[in-house]
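Some notes on the structure that comes next.
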Amino acid sequence: IIFMSFFPHYLAINTAMQNLAWKFNDGEIYYWIQTNTSPKSVIMTPSPLYAYYTGREIATIPRPIATQNVDIDMIIYVIQRYNVDYIVIDRNARSIADLRTILENPTNAPYGFNLVYWDEDPANFDPKVLIYDVRALHS
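If you want the numbering used here, it's the position in the sequence shown, counting the first as 1, plus 2.
Here it is, written out as structure tokens:
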């Protein structure tokens, strides 16, 4: 009985979250990941929600904390440590100077970052989203 009373609410919340993701153009990114990466791929993302919407294992992009800065060397370390296959760089990357530089000039990414997805539309909530294949960094 408890399950039956909760289930309709779960469906309503789940549908609302999916519609919200598509409104903010994240749905397109989730779809790209689902259709263009292996189910066993590890994706470095700015948000743990990617795990829910893509069904992929994720590693979140490290965030600056107090006096601890995050730079490209730390990001590459995490990519290598957790065998990350792809990294998503979006609006949330602006707090990290090296990722902000990549976001502003996508073709000037570090060695081992192979650009595989580029969505740029000023009308979107997230005006620019990049996905790089980074498997070369841990092979």
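Just so you know, even glycine gets a beta-carbon here, dropped at the ideal spot from N, CA and C.
Problem set entry | Stretch-stretch touch, CB-based, cutoff 8 Å, three pairs: the segment 127 to 139 with the segment 108 to 117 | Here the segment 127 to 139 makes contact with the segment 108 to 117; the two share three or more CB pairs at distances below 8 Å.
Problem set entry | Three-state secondary structure assigned by DSSP to residue 107 | Along the sequence shown, one-based indexing puts residue 107 at 105. Note: residue 107 maps to coil in three-state DSSP.
For this session: Going by CA-CA distance only, name the one from 39, 30, 35 and 65 that's closest to residue 97.
Result: The residue you call residue 97 lines up with position 95 of the sequence shown. For the residues 39, 30, 35 and 65, the minimum Cα distance to residue 97 belongs to 65.
For this session: Give me the Cα-Cα distance between residue 100 and residue 78, rounded to the nearest whole angstrom.
Result: Here residue 100 corresponds to residue number 98 of the sequence shown, with the count starting at 1. Here residue 78 corresponds to residue number 76 of the sequence shown, with the count starting at 1. Across the structure, residue 100 and residue 78 are spaced so that their CA atoms are roughly 11 Å apart.
For this session: Classify residue 123 as helix, strand or coil using the three-state DSSP reduction.
Result: Locating residue 123 in the sequence shown gives position 121, counting from the first residue. In this structure, residue 123 counts as coil in the three-state DSSP scheme.
For this session: Please report how far the alpha carbon of residue 63 lies from the alpha carbon of residue 107, in whole angstroms.
Result: The sequence position of residue 63 within the sequence shown is 61, counting from 1. The sequence position of residue 107 within the sequence shown is 105, counting from 1. The straight-line gap from Cα to Cα measures roughly 19 Å.
Problem set entry | Secondary structure of residue 55, DSSP reduced to three states | On the sequence shown, position 53 is the one that residue 55 refers to. DSSP, read as helix, strand or coil, puts residue 55 in helix.
Exercise. So, do the segment 68 to 75 and the segment 88 to 96 have three or more beta carbon pairs nearer to each other than 8 Å?
Worked result: no
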